[in-house]
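Here is the structure we will look at.
Numbering (the numbering used here), first residue to last: 4 to 164.
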């Protein structure tokens, strides 16, 4: 019965040895400081341990550019919008004061609200994501003076049937 020998471990890389000449200036600087700061001396006396150099990594083999086949794009029709977003919804009376009473899809409702916000200059100057409500929008936003654009869509959806 033959046993396989394990390969010998590679010798560890040698640490660079700090010379005594490099250690002397640090010791002189520590001695030159006044004795009133003993904590500073202790910090100066302790030297950080030099870290071992990481072993060199092998270079990854270069990938062949021609090995991949180009993906042919399918000639398909343009993307269709989700039917749930395109279903006309009737706005409540408070929302109708801002966008009109006609049934509109959710996408159009959002566009009309943004037109109203920009026309009335209701976007906050410092933070453009915040909308400052006027009297009409305050009723839509549930009495809030300021809402974020993300919160606005949630509040508007409560006014659609």
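Glycine is no exception: its CB is placed at the ideal position from the N, C-alpha and C atoms.
By Cβ distance, which residues of its chain are closer than 8 Å to residue i, with the 5 residues on each side in sequence left out?
i	result
residue 108	88, 89, 90, 91, 92
residue 141	147, 148
residue 133	126, 127, 149, 150, 151, 152
residue 123	137
residue 156	113
residue 110	84, 88, 89
Please state whether DSSP places residue i in a helix, a strand or coil.
i	result
residue 160	helix
Which residues does DSSP pair with residue i in a beta bridge?
i	result
residue 92	107
residue 151	133
Within the same chain, show all residues whose beta-carbon is closer than 7 Å to that of residue i, passing over the 5 residues directly before and after it, in chain order.
i	result
residue 145	158
residue 84	none
residue 106	91, 92, 93
Confirm, please, whether the CB-CB distance from residue j to residue i is below 7 Å.
i	j	result
residue 162	residue 81	no
residue 164	residue 100	no
residue 113	residue 143	no
residue 102	residue 115	yes
Skipping 5 residues on each side, what residues in its chain have a beta carbon closer than 6 Å to that of residue i?
i	result
residue 131	none
residue 119	101
residue 135	125, 127, 149
residue 154	none
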